[in-house]
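Let me begin by presenting the structure, written as structure tokens, before commenting on it.
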Amino acid sequence: MSFLKRKEFYVVILIMVSLFIYVPYFFQVPQAITNIETWLIDTAVVIGAFAVWVGFITSTRREIVRIQRRRRGWFYGIIILGLSWAMVIVGLGLGKTHVIFEFLQRAFVLPGDSTIYAILVFYLTSAGARAFRVNSFESALLTLGALFVLLKQAPLGELLIPWAVPISTYLENYVAMGATRVFSVSLAVGALVLAIRLFMGQELALVGLVERAVRREE
Amino acid sequence: MDAFAWGVLLFSTLTTFGLYMILSGVDNPWFAFAEHAFVGCAIGLSIVVSTDYIFRTIVPRIMTDPGKNWPTFISIILGLMMLLRVSKSTVHIARIPITIATGAGIAVGSRATLFSGIINQIRATILPILNVTDTWALLYNLTVILCVLFVFTYYFYTTEMKGPLRTANSIGKYILYLAFGVLFSQTYMGRLGLLLGHLENYLTPYYPDFFLTVTIVLIMVVSTYLLHKRYPELLKKLTPE
Amino acid sequence: MSVMKVIANIDRRIYYGAVFVLTAIMLLFPIGLPLKVSPEVKAAYNMIDSLEPGDIVIINFCITASGYNELKGACNSMISHLFSKPGVKVIFTATSDQAPIMMEEIIANNGELMTGHSSYPYYEIQGKQYGVDYINMGYYPGLFKWIAALSADLRGSLGNNDWYGIDVRQFLDSNGIMEARDIDLVLSFDSDDGAGDFMRYFYLEYGTPVMQSMIGVMVAGAKVEYNAGNYAAIVPSIRGAAEYQFLADYPGFALTQMDAFSIIQFFLIFLMVLGNIGYYGYTRNHKEAKK
């Protein structure tokens, strides 16, 4: 089983998986190859569904250690453990439509997730007062861009300052869109480069096999 | 309102305004409680819905026609091998499903990106600028082409910036500043919309939502203030590291 | 203490408190300001309005709770508009684990319990019955991987049972939903890039039009894709949701929030001006004096 610790084994798997997924997309292939492609994609989804259990087991272990060592705030670990296991037991045992499961979702998950992002409004507002200082040409451009779009977005702005609307539309739909297009293309090129590097066995850290560990085995 | 609705209202208000207490600038037990409760329930939710997918979609697929769907059985085995990651002695076995999932994920993600992210975007940038009779259309087309070109030159890191390239680089930088201002406003719009939709749940109707919100916020603010000013040692004990 | 010094050193908690108080006042006492409709939202409205009997639509929820409060205006009005089109069949899916409960809320907001039933999923929306005109397939993990699998093998990836374990094969067979090319429109509500993945695996492969309603952070990227012709239509964030509600004559959350939205945005502009006054009136001179 020493081949399981060799980098070459995983590179072969990566190449085979990549070929079975790329080739049917670009060429006409026999149905058997397409079936393997579909199976590989389905398998990736199934593996992802099991992977969340790894995170759950790891977090349970971490919280138990925190409680045992009585670190500051250890009792909050009981809250995390208790609620997460309660969700799992109720959800899997009694069903995801059970009233307790729905209660825990509505009482903690939904408001928590909403609030975490809603808090950003307050930080963005104080950033508006502190960061948008017009002390150079660049900062003036930054502030102007933000100002015009803020005026257009608000119905009151459209009403009070109607000439800001076409300028803002121009900035949003052409200037900012052009710049964002560059980001999109760069991201796409980066994704392709990552795929090629993975294909060539240069990014094995992504599969948990880094050069350092392999050298130790040799 | 029944007990379920009251319970949801009470605990959701506690969670929401407990998290908002971070804005006070003081570490406080309300925030710690809300944070840990949210994280615990969110983890549980992920586990339940992911496992439900296996039992609702994958297992019935095998059961209905085991002869035809035997490869799905191998998928389940690979998924179960993933769980071996939790132990150091078996982590090398878990690398096989990780490799398959990573390879498949990146291949699936990148193959279509070639068209949507590169070819279609370049095609959309090649716009007509000659024989265009409408002045506004010409302005818009020129704007898009020049913005894309200038911002691209800003991201050249391997060439020395001199002459026209340096000018294009500077113009690209200015376009980026304008674009970031626009992006800030769009982000602010989004987050503000979220805040408004979120707070509306706790402010309307006057009873019981608004009444409960005001009561809970007052209790949280006063208790945090008292702990911070009068009992700082107790406050430190009640907040995590 | 000079006025400029006070302005330059305002505690940020005062800003937080002011935002909260202004939001509360405007939500409790709305004014009712007029609204202009943008071309993108008009195109989205026309896209849904042009649906014909027999068309199959996938409505995908790729939103977490954070995106839901921003997009629920769009969700309610667009889904209500879509369900008003006769003969259109709908498949609800979710690619976010928090989305199923929000889907249920939207369905309950727009429908009534069917006769003889007392809970989900049996809601009738504008005469459309569950299991006959629409189904709720719930959450599927994997995001783009599942959407790619859906494109390659629609029936295998959807499965035979809906989110509640009810067999839906009859619905799928009777409406001729066999493979991905049978889908006529995809509408995705996104706080992650669900529509982008549907665009890559449905639009690019089969030409299926894809519409997106997205959170504010994703608006810039969505406009790039819309401009490139990858998306058929977009409804950007809460402003787009309010415009859609206005077009569809649907009195809802997004429209009523526009007043608060306007005031808070003007407050931000005020703070930007105030910050500059404080900077030029005190901070800059103070820094130069220190040097």
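So the protein sequences, as listed, match chains A, B and C. The first sequence maps to residues 1 to 218 in my numbering. The second sequence maps to residues 1001 to 1241 in my numbering. The third sequence maps to residues 2001 to 2291 in my numbering. Every residue, glycine too, gets a C-beta built ideally from N, C-alpha and C.
### Query
Where does A/Ala154 fall in DSSP's three states?
Here A/Ala154 carries a coil assignment [DSSP, helix/strand/coil].
### Query
Secondary structure at C/Gly2176, three-state DSSP: helix, strand or coil?
C/Gly2176 falls in the coil class under three-state DSSP.
### Query
If we cut at 9 Å on Cβ distances, does B/Phe1011 have a partner in chain A?
True, the Cβ-Cβ gap to chain A drops below 9 Å.
### Query
Comparing the C-beta of A/Ser18 with each C-beta of chain B, is any distance below 9 Å?
Yes, A/Ser18 lies at the interface with chain B (some Cβ there is under 9 Å from its Cβ).
#### Entry: Residues of the region 1042-1054 of chain B whose Cβ lies closer than 7 Å to any Cβ of chain C, in chain order
Under the 7 Å Cβ criterion, the region 1042-1054 of chain B contributes Leu1045, Ser1046, Val1049, Ser1050, Tyr1053.
### Task
Consult DSSP for C/Glu2052 and reduce its assignment to one of helix, strand or coil.
Three-state result, C/Glu2052: coil.
### Query
Which full runs of the alpha helix (DSSP H) of 4+ residues lie inside the region 1128-1162 of chain B, going along the chain?
List check, alpha helix (DSSP H) in window: 1135-1154.
### Contacting residues, own chain, Cβ-Cβ under 6 Å from B/Asn1169 (five flanking each side not counted)
Short of 6 Å from the beta carbon of B/Asn1169, and not among the five residues preceding or following it, lie these beta carbons of its own chain, in chain order: Thr1153, Tyr1154, Met1161.
### Message
For a test of the three-state rule: what should DSSP assign to B/Met1001, helix, strand or coil?
### Response
Correct three-state label for B/Met1001: coil.
### Task
For C/Met2103, name the three-state secondary structure that DSSP assigns.
When secondary structure is reduced to three states using DSSP, C/Met2103 falls in the helix class.
#### Entry: C/Val2132 versus B/Ile1058 - alpha carbon distance
A direct Cα-Cα distance of roughly 25 Å separates C/Val2132 from B/Ile1058.
### Residues of the region 2084-2112 of chain C with Cβ closer than 8 Å to any Cβ of chain B, in chain order
Going along the region 2084-2112 of chain C in chain order, one finds Asp2097, Gln2098, Pro2100 with a Cβ nearer than 8 Å to chain B.
### Residues of the region 168-185 of chain A with Cβ closer than 9 Å to any Cβ of chain B, in chain order
Taking 9 Å as the Cβ-Cβ cut-off against chain B, the residues of the region 168-185 of chain A that qualify are Ser168, Tyr170, Leu171, Glu172, Asn173, Tyr174, Val175, Ala176, Met177, Gly178, Ala179, Thr180, Arg181, Val182, Phe183, Ser184, Val185.
### Query
Just the Cα atoms here: how many angstroms apart are A/Phe132 and B/Pro1208?
Answer to the nearest angstrom: the Cα atoms are 40 Å apart.
### Task
Give the secondary structure of C/Leu1981 by DSSP, where H, G and I count as helix, E and B as strand, and everything else as coil.
Nothing can be reported for residue 1981 of chain C, as the shown portion of chain C is limited to 2001 through 2291.
### Task
May I ask you to list the residues that DSSP assigns as paired with C/Ile2059?
Answer is C/Phe2092, C/Leu2187, bridged to C/Ile2059.
### Query
Between the C-alpha atoms of B/Ala1034 and A/Ala129, what's the straight-line distance to the nearest angstrom?
For B/Ala1034 and A/Ala129, the distance between alpha carbons rounds to 29 Å.
### Task
Using the Cα positions of B/Ile1175 and C/Ile2101, report the straight-line distance between them to the nearest angstrom.
For B/Ile1175 and C/Ile2101, the distance between alpha carbons rounds to 42 Å.
### Neighbouring residues, chain A, relative to B/Ala1032 (Cβ below 8 Å)
Near B/Ala1032 (Cβ distances below 8 Å), the residues of chain A are Gly73, Tyr76.
### Task
Starting from the beta carbon of B/Met1189, find every residue of chain C whose beta carbon is closer than 7 Å, and list them in chain order.
Simply Gly2216, Ser2237, Ile2238, Arg2239.
### Selection of the region 97-118 of chain A by Cβ proximity to chain C, strictly under 9 Å
Residues are counted here when their Cβ sits less than 9 Å from a Cβ of chain C; for the region 97-118 of chain A these are Thr97, Glu102, Gln105, Arg106, Val109, Leu110, Pro111, Gly112, Asp113, Ser114, Thr115, Ile116, Tyr117, Ala118, given in chain order.
### Task
Using a Cβ-Cβ cut-off of 9 Å, state whether C/Lys2145 counts as contacting chain B.
Taking a beta-carbon distance threshold of 9 Å, C/Lys2145 counts as an interface residue toward chain B.
### Task
Could you say if the region 1208-1219 of chain B and the region 2249-2263 of chain C meet the contact criterion of at least three C-beta pairs nearer than 8 Å?
In short, these stretches do not touch, since the Cβ pair count stays below three.
#### Entry: Limits of the unbroken alpha helix (DSSP H) element including C/Ala2233
Per DSSP, C/Ala2233 belongs to no alpha helix (DSSP H); it is in the beta strand (DSSP E), 2233-2236.
### Message
Strictly under 9 Å for the Cβ-Cβ distance: is A/Glu138 near chain C by that measure?
### Response
No, its Cβ sits nowhere closer than 9 Å to a Cβ of chain C.
### Query
So, B/Ala1101 versus A/Ile47, is the Cβ gap smaller than 9 Å?
The answer is yes: Cβ separation under 9 Å.
### Task
Could you run through the region 1095-1112 of chain B and flag, in chain order, every residue whose CB is less than 9 Å away from some CB of chain A?
Of all residues in the region 1095-1112 of chain B, the ones placed with a Cβ closer than 9 Å to any Cβ belonging to chain A are Arg1095, Ile1096, Pro1097, Ile1098, Thr1099, Ile1100, Ala1101, Thr1102, Gly1103, Ala1104, Gly1105, Ile1106, Ala1107, Val1108, Gly1109, Ser1110, Arg1111, Ala1112, in chain order.
### Task
Mind checking the region 1177-1188 of chain B against chain A and listing, in chain order, the residues whose C-beta falls within less than 9 Å of any C-beta there?
Against chain A - using a Cβ distance shorter than 9 Å - the residues of the region 1177-1188 of chain B are Tyr1177, Leu1178, Ala1179, Phe1180, Gly1181, Val1182, Leu1183, Phe1184, Ser1185, Gln1186, Thr1187, Tyr1188.
### Query
In chain order, what residues of the same chain lie with their CB nearer than 7 Å to the CB of A/Leu198, ignoring the 5 residues before and after it?
Counting only Cβ-Cβ distances below 7 Å, and skipping sequence neighbours, we find Leu14, Leu206.
### Task
Could you please give the first and the last residue of the uninterrupted alpha helix (DSSP H) stretch that includes B/Tyr1206?
Counting along the chain, B/Tyr1206 falls outside any alpha helix (DSSP H), and DSSP gives it neither H nor E.
### Query
Between the region 2180-2188 of chain C and the region 2054-2068 of chain C, do at least 3 Cβ pairs fall closer than 8 Å?
Between the region 2180-2188 of chain C and the region 2054-2068 of chain C there are three or more inter-stretch CB-CB distances shorter than 8 Å, so the stretches are counted as touching.
### Query
So, is the C-beta of C/Gln2212 closer than 9 Å to a C-beta in chain A?
No, C/Gln2212 does not count as interfacial toward chain A.
### Task
Whole angstroms is fine: what's the gap from C/Pro2209's alpha carbon to C/Thr2023's?
Rounded to the nearest angstrom, the two C-alpha atoms are 38 Å apart.
### Query
Per DSSP, what kind of secondary structure is B/Glu1241 in: helix, strand or coil?
Note: B/Glu1241 maps to coil in three-state DSSP.
### Query
Can you check whether the CB of C/Tyr2130 is closer than 9 Å to the CB of C/Ala2108?
Judged by their CB atoms, C/Ala2108 and C/Tyr2130 are not nearer to each other than the 9 Å cut-off.
#### Entry: Run of the beta strand (DSSP E) containing C/Ser2213, from where it starts to where it stops
In the DSSP assignment, C/Ser2213 falls within the beta strand (DSSP E) that extends over 2210-2214.
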